[in-house]
Ligand SMILES: *Cc1c(COP(=O)(O)O)cnc(C)c1O
């Protein structure tokens, strides 16, 4: 697989595998090349040989969305667009706003009112996007922007834009490069289902490109209150603390089902309690602060391993999709109040746990 190594941009590194031409701007904020970190505490807890965490929160705006967004915005610029448009649970908005700013074009984002984590909203505003909140879930916001984009008002950069999936598949290439092959199983949170679709495409192309011999079983996890792919029908009022996967009718439904069935994997749900338990665990025991939605992959791994569903599996990768600093309120809420005492050694010592 030809690849430009080192600090080159994602578009340059993987140009041979992306829909880029000589006219595509080499847009970059340093996306991709994220760490794959081993999780020894999880390995011991679950009795699995190797557990690796793909830390996508280390992308420029703090989520994997940057991989797809850099390609989508570069292609939009190549095609002469002046405005990009998206619906978002938050991270797509933050990413679109940053890359649009970088490219010198405008960005409009439509959000579900009251359902976006503080950090993500701050990013979209700071990068100068026009932010509009609609009364309804993410799915309603997506329907609105699809209608606007269909009327030619702007270029849609949600994951229904095929360039998003193309960019996001590069994470599967990196996993194969780091491990020398694909893992036996990949665990990933599923919301609108663009990412599981992209990883599966990437693993297939990695085999064709000689970067891997095998493909992983794909295990996708939805939140129990927003699990249309598990129940087999859309959810009209999705509900979960994991706002990034609070999606009732995934746009890439078919892609997720194909990834599951072609890989011999599964799509299952985890409760908010399991998600928050995994979120706290990976922060305290592995030193990695991800956002609640990301922890659905860890919660899913634990659920499947504990039910005996991973006996032949030696090496797994969990995708940690976004950075915990996006949603600071959640961590504060879980930790409880901070003791405030006199500024003396005695007073502080008396407060030690
Ligand atoms: C967008 C997002 C997801 C869900 O990805 P989909 O492609 O919509 O399935 C999961 N976690 C985080 C942090 C996200 O931003």
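Numbering (the numbering used here), first residue to last: 1 to 353. Where a beta carbon is used, it is the ideal one built from N, C-alpha and C, also for glycine. Being a predicted model, the structure only gives us computed values, none of them experimental.
Exposed or buried, residue 40, counting other C-beta atoms within 10 Å across all chains shown (16 or more means buried)? Counting Cβ neighbours within 10 Å, residue 40 comes out exposed, since fewer than 16 surround it.
Does the region 108-115 come within contact of the region 258-267, defined as at least 3 CB pairs closer than 8 Å? No: fewer than three Cβ pairs fall under 8 Å.
Given residue 291, which residues of its chain have a CB within under 6 Å of its CB, disregarding the five upstream and five downstream residues? 322, 324, 326, 327
Hey, could you find the ends of the alpha helix (DSSP H) residue 328 is sitting in? 328-335
Between residue 251 and residue 158, which are expected to be in contact by the criterion C-beta below 8 Å, what is the C-beta distance as a whole number of angstroms? 7 Å
Beta carbon of residue 244: closer than 6 Å to some heavy atom of ligand 1? yes
In three-state terms, what does DSSP make of residue 323? strand
Is it the case that the region 145-154 contacts the region 47-63, given that we only count it when at least three CB pairs across the two stretches are under 8 Å? no
Less than 8 Å between C-beta atoms, sequence neighbours within five positions excluded: which residues of the same chain meet that for residue 312? So the list reads 184, once near-sequence residues are dropped.
How many angstroms separate the CA atom of residue 294 from the CA atom of residue 188? 8 Å
Counting only the same chain and skipping the five closest in sequence on each side, list residues whose C-beta sits under 7 Å from that of residue 339. 351
In angstroms, rounded to a whole number, what distance separates the CA positions of residue 316 and residue 186? 6 Å
Are the Cβ atoms of residue 139 and residue 210 separated by less than 7 Å? Not in contact: residue 139 and residue 210 (Cβ atoms no closer than 7 Å).
Under 6 Å: does the beta carbon of residue 190 sit that close to some heavy atom of ligand 1? yes
Out of 192, 90, 271, 96, point me to the one whose CA is closest to residue 68's CA. 96
Tell me whether residue 267 sits in a helix, a strand or coil according to DSSP, three-state version. strand
Pick from 232, 222, 253, 255: whose alpha carbon is nearest that of residue 239? 222
Spatial neighbours of residue 358 in its chain, beta-carbon cut-off 6 Å, leaving aside the 5 residues before and after: Given a span of 1 to 353 for the chain in the structure shown, any question on residue 358 remains unanswerable.
Assumed close pair residue 220, residue 256 - CB separation to whole angstroms, cut-off 8 Å: 6 Å
Return yes when the Cβ of residue 170 is within less than 7 Å of the Cβ of residue 81, no when it is not. no
Please classify residue 246: is it buried, with 16 or more other beta-carbons within 10 angstroms of its beta-carbon, or exposed? The residue in question, residue 246, is buried, as its Cβ has 16 or more Cβ neighbours within 10 Å.
Alpha carbon of residue 133 to alpha carbon of residue 32, nearest angstrom: 30 Å
Complete beta strand (DSSP E) runs within the region 39-109 (minimum length 3 residues, chain order): 50-55, 83-87
Can you find a heavy atom of ligand 1 that lies under 6 Å from the Cβ of residue 231? no
Other residues of its chain near residue 26: CB distance less than 7 Å, five sequence neighbours each side excluded: 9, 11, 12
Please confirm whether residue 304 has its beta-carbon closer than 7 Å to some beta-carbon of chain D. Absent from the structure is chain D; it holds one protein chain and no more.
Tell me, which residues are paired with residue 220 by DSSP? In the DSSP assignment, residue 220 is bridged to 188, 267.
Quick one: Cα of residue 234 to Cα of residue 227, how far? 8 Å
Here's the rule: buried if 16 or more other CB atoms are within 10 angstroms of the residue's CB, otherwise exposed. What is residue 231? exposed
In three-state terms, what does DSSP make of residue 131? strand
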